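Data first, discussion second: the structure below is written as C-alpha coordinates.
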Amino acid sequence: MKNEERNDDIEILEIVGLDEDGEEITFEEDPAPEPSPVDPDPVSASEDRERLLRLHADFENLKKRSEKELAEQRRFASTAVVERLLPVIDNFERALAMEPPGESDRSFREGVELICRQLLEELKREGLTPVDALGCPFDPNLHEAVETCSSGDHPPHTVIEELLKGYRFQDRLLRPSMVKVSVAPEESSGTEPQTE
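Under UniProt numbering, the letters of the sequence shown match residues 1 to 196, in that order.
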(Lines of atoms letter the chains of each structure in order from A and count residues from 1; the text may use other names and numbers.)
(Lines give C-alpha, C1' and ligand atoms only; values in the text may rest on other atoms or scores of the structure.)
Protein backbone atom coordinates (compact mmCIF):
# COMPACT_ATOMS: atom_id res chain seq x y z
CA MET A 1 0.00 0.00 0.00
CA LYS A 2 2.84 2.33 0.82
CA ASN A 3 4.45 1.70 -2.55
CA GLU A 4 1.25 2.56 -4.35
CA GLU A 5 0.99 5.84 -2.52
CA ARG A 6 4.57 6.70 -3.36
CA ASN A 7 3.97 5.96 -7.05
CA ASP A 8 1.12 8.41 -7.12
CA ASP A 9 3.38 11.17 -5.88
CA ILE A 10 6.06 10.62 -8.48
CA GLU A 11 6.09 12.68 -11.61
CA ILE A 12 8.09 11.44 -14.54
CA LEU A 13 9.95 14.24 -16.22
CA GLU A 14 12.22 12.27 -18.53
CA ILE A 15 13.07 8.70 -19.33
CA VAL A 16 16.69 7.72 -19.86
CA GLY A 17 17.59 4.53 -21.71
CA LEU A 18 20.23 2.91 -23.86
CA ASP A 19 20.07 2.43 -27.58
CA GLU A 20 21.39 -0.60 -29.49
CA ASP A 21 24.95 0.75 -29.38
CA GLY A 22 24.79 1.31 -25.63
CA GLU A 23 24.63 5.06 -25.82
CA GLU A 24 22.34 6.94 -23.49
CA ILE A 25 19.04 8.16 -24.92
CA THR A 26 16.77 10.67 -23.19
CA PHE A 27 13.06 10.60 -23.87
CA GLU A 28 11.27 13.79 -22.83
CA GLU A 29 7.56 14.36 -22.80
CA ASP A 30 6.53 16.36 -25.82
CA PRO A 31 5.65 19.87 -24.85
CA ALA A 32 2.18 21.02 -25.79
CA PRO A 33 2.24 22.23 -29.34
CA GLU A 34 1.93 25.97 -29.70
CA PRO A 35 -1.18 27.05 -31.53
CA SER A 36 -0.37 28.04 -35.03
CA PRO A 37 -1.25 31.62 -35.83
CA VAL A 38 -4.52 31.80 -37.71
CA ASP A 39 -4.39 33.76 -40.87
CA PRO A 40 -6.82 36.66 -40.32
CA ASP A 41 -9.75 36.60 -42.67
CA PRO A 42 -9.90 40.01 -44.40
CA VAL A 43 -13.71 39.86 -44.59
CA SER A 44 -14.06 39.07 -40.90
CA ALA A 45 -11.60 41.83 -39.95
CA SER A 46 -13.53 44.36 -42.02
CA GLU A 47 -16.82 43.29 -40.42
CA ASP A 48 -15.28 43.57 -36.96
CA ARG A 49 -14.01 47.05 -37.77
CA GLU A 50 -17.44 48.15 -39.03
CA ARG A 51 -19.11 46.73 -35.93
CA LEU A 52 -16.59 48.51 -33.73
CA LEU A 53 -17.19 51.81 -35.55
CA ARG A 54 -20.97 51.40 -35.20
CA LEU A 55 -20.64 50.68 -31.49
CA HIS A 56 -18.45 53.74 -31.08
CA ALA A 57 -20.94 55.91 -32.98
CA ASP A 58 -23.83 54.54 -30.89
CA PHE A 59 -21.90 55.31 -27.72
CA GLU A 60 -21.17 58.87 -28.89
CA ASN A 61 -24.85 59.40 -29.79
CA LEU A 62 -25.94 58.09 -26.40
CA LYS A 63 -23.45 60.37 -24.67
CA LYS A 64 -24.67 63.44 -26.61
CA ARG A 65 -28.33 62.57 -26.00
CA SER A 66 -27.68 62.14 -22.27
CA GLU A 67 -25.87 65.48 -22.08
CA LYS A 68 -28.73 67.19 -23.94
CA GLU A 69 -31.36 65.66 -21.64
CA LEU A 70 -29.37 66.69 -18.58
CA ALA A 71 -29.07 70.26 -19.89
CA GLU A 72 -32.86 70.33 -20.53
CA GLN A 73 -33.52 69.07 -17.00
CA ARG A 74 -31.30 71.77 -15.54
CA ARG A 75 -32.92 74.42 -17.71
CA PHE A 76 -36.48 73.51 -16.69
CA ALA A 77 -35.77 72.42 -13.11
CA SER A 78 -37.55 75.43 -11.62
CA THR A 79 -40.68 75.10 -13.79
CA ALA A 80 -42.75 73.51 -11.00
CA VAL A 81 -41.86 76.26 -8.51
CA VAL A 82 -42.64 79.02 -11.01
CA GLU A 83 -45.94 77.35 -11.89
CA ARG A 84 -46.94 77.26 -8.21
CA LEU A 85 -46.12 80.98 -7.88
CA LEU A 86 -48.46 82.04 -10.71
CA PRO A 87 -51.58 82.16 -8.46
CA VAL A 88 -49.61 84.39 -6.05
CA ILE A 89 -48.85 86.78 -8.91
CA ASP A 90 -52.52 86.67 -9.97
CA ASN A 91 -53.62 87.61 -6.44
CA PHE A 92 -51.13 90.49 -6.31
CA GLU A 93 -52.47 91.79 -9.61
CA ARG A 94 -56.10 91.47 -8.44
CA ALA A 95 -55.26 93.36 -5.26
CA LEU A 96 -53.55 96.10 -7.25
CA ALA A 97 -56.49 96.35 -9.68
CA MET A 98 -58.79 97.40 -6.83
CA GLU A 99 -59.17 101.10 -6.08
CA PRO A 100 -57.74 102.12 -2.72
CA PRO A 101 -60.44 103.30 -0.30
CA GLY A 102 -58.57 106.42 0.78
CA GLU A 103 -55.34 108.39 0.86
CA SER A 104 -54.17 106.65 4.04
CA ASP A 105 -53.84 103.38 2.14
CA ARG A 106 -51.55 104.85 -0.54
CA SER A 107 -48.31 103.80 1.19
CA PHE A 108 -49.66 100.28 1.72
CA ARG A 109 -50.56 100.04 -1.96
CA GLU A 110 -47.11 101.27 -2.99
CA GLY A 111 -45.55 98.57 -0.79
CA VAL A 112 -47.69 95.87 -2.42
CA GLU A 113 -46.75 97.20 -5.88
CA LEU A 114 -43.08 97.08 -4.93
CA ILE A 115 -43.33 93.47 -3.70
CA CYS A 116 -45.21 92.40 -6.83
CA ARG A 117 -42.68 94.11 -9.11
CA GLN A 118 -39.77 92.53 -7.23
CA LEU A 119 -41.32 89.06 -7.48
CA LEU A 120 -41.93 89.50 -11.21
CA GLU A 121 -38.36 90.72 -11.78
CA GLU A 122 -36.90 87.67 -10.04
CA LEU A 123 -39.12 85.32 -12.03
CA LYS A 124 -38.21 87.18 -15.22
CA ARG A 125 -34.52 86.45 -14.51
CA GLU A 126 -35.43 82.76 -14.32
CA GLY A 127 -37.14 82.97 -17.73
CA LEU A 128 -40.79 83.87 -17.04
CA THR A 129 -42.39 86.20 -19.59
CA PRO A 130 -46.03 87.22 -19.96
CA VAL A 131 -47.98 86.26 -23.08
CA ASP A 132 -49.14 89.26 -25.11
CA ALA A 133 -52.89 89.10 -25.47
CA LEU A 134 -54.79 92.39 -25.28
CA GLY A 135 -55.38 93.78 -28.78
CA CYS A 136 -53.64 90.83 -30.45
CA PRO A 137 -55.30 88.45 -32.90
CA PHE A 138 -56.66 85.37 -31.15
CA ASP A 139 -54.10 82.53 -31.23
CA PRO A 140 -55.38 79.18 -29.88
CA ASN A 141 -51.77 78.18 -29.16
CA LEU A 142 -51.38 81.07 -26.70
CA HIS A 143 -54.91 82.07 -25.71
CA GLU A 144 -57.90 80.27 -24.27
CA ALA A 145 -61.18 81.92 -25.28
CA VAL A 146 -63.63 81.80 -22.40
CA GLU A 147 -66.07 84.36 -23.81
CA THR A 148 -66.96 86.01 -27.10
CA CYS A 149 -68.52 89.40 -27.63
CA SER A 150 -69.79 91.09 -30.78
CA SER A 151 -67.95 94.32 -31.26
CA GLY A 152 -67.97 96.90 -34.01
CA ASP A 153 -64.97 98.66 -32.45
CA HIS A 154 -62.58 95.72 -32.88
CA PRO A 155 -61.84 93.48 -35.84
CA PRO A 156 -63.24 89.95 -35.52
CA HIS A 157 -61.14 87.36 -33.65
CA THR A 158 -59.25 89.98 -31.65
CA VAL A 159 -58.60 89.72 -27.92
CA ILE A 160 -60.56 92.54 -26.32
CA GLU A 161 -60.11 91.61 -22.66
CA GLU A 162 -57.61 89.52 -20.73
CA LEU A 163 -59.30 87.73 -17.83
CA LEU A 164 -56.23 85.81 -16.64
CA LYS A 165 -52.68 86.55 -17.79
CA GLY A 166 -50.78 83.79 -19.56
CA TYR A 167 -47.07 83.10 -19.15
CA ARG A 168 -44.18 81.46 -20.96
CA PHE A 169 -41.26 79.91 -19.15
CA GLN A 170 -37.99 79.38 -21.03
CA ASP A 171 -39.80 79.67 -24.38
CA ARG A 172 -42.44 77.10 -23.40
CA LEU A 173 -46.04 78.01 -22.76
CA LEU A 174 -46.62 77.59 -19.04
CA ARG A 175 -50.20 78.83 -18.96
CA PRO A 176 -52.37 80.22 -21.78
CA SER A 177 -54.10 83.58 -21.37
CA MET A 178 -57.82 83.37 -20.62
CA VAL A 179 -59.36 85.95 -22.90
CA LYS A 180 -62.52 87.51 -24.24
CA VAL A 181 -62.57 87.54 -28.05
CA SER A 182 -64.47 89.85 -30.41
CA VAL A 183 -66.62 88.35 -33.14
CA ALA A 184 -68.45 89.93 -36.05
CA PRO A 185 -72.08 90.85 -35.23
CA GLU A 186 -73.46 88.24 -37.68
CA GLU A 187 -71.34 85.49 -36.08
CA SER A 188 -72.70 86.18 -32.62
CA SER A 189 -76.34 86.50 -33.70
CA GLY A 190 -76.59 82.74 -34.31
CA THR A 191 -75.22 81.86 -30.90
CA GLU A 192 -77.09 84.33 -28.69
CA PRO A 193 -80.64 83.50 -27.63
CA GLN A 194 -83.19 85.82 -29.18
CA THR A 195 -85.53 87.64 -26.82
CA GLU A 196 -89.05 88.62 -27.72
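Ideal placement from N, C-alpha and C gives every residue a C-beta, glycine not left out. The structure presented is a predicted model; accordingly, all values stated were derived computationally and were not measured.
- Within its own chain, the residues whose Cβ lies closer than 8 Å to the Cβ of residue 181, once the five positions on either side in sequence are excluded, are 138, 143, 145, 147, 148, 149, 157, 158, 159, 160, listed in chain order.
- Distance from the CA of residue 171 to the CA of residue 127, rounded to the nearest whole angstrom, comes to 8 Å.
- Closest in alpha carbon position to residue 115, among 166, 132, 92, 173, is 92.
- A straight-line Cα-Cα distance of about 10 Å links residue 153 and residue 183.
- The criterion of a C-beta distance shorter than 8 Å is satisfied by residue 112 and residue 96.
- Fully enclosed alpha helix (DSSP H) runs of no fewer than 4 residues occupy 79-97 of the region 59-123, in order along the chain.
- Shown here for residue 169: same chain residues with a beta carbon closer than 7 Å to its own, the five before and five after excluded, namely 79, 82, 127, 128 in chain order.
- Here residue 179 is bridged, per DSSP, to 145, 162.
- By the beta-carbon neighbour count (other beta carbons within 10 angstroms, threshold 16), residue 43 is exposed.
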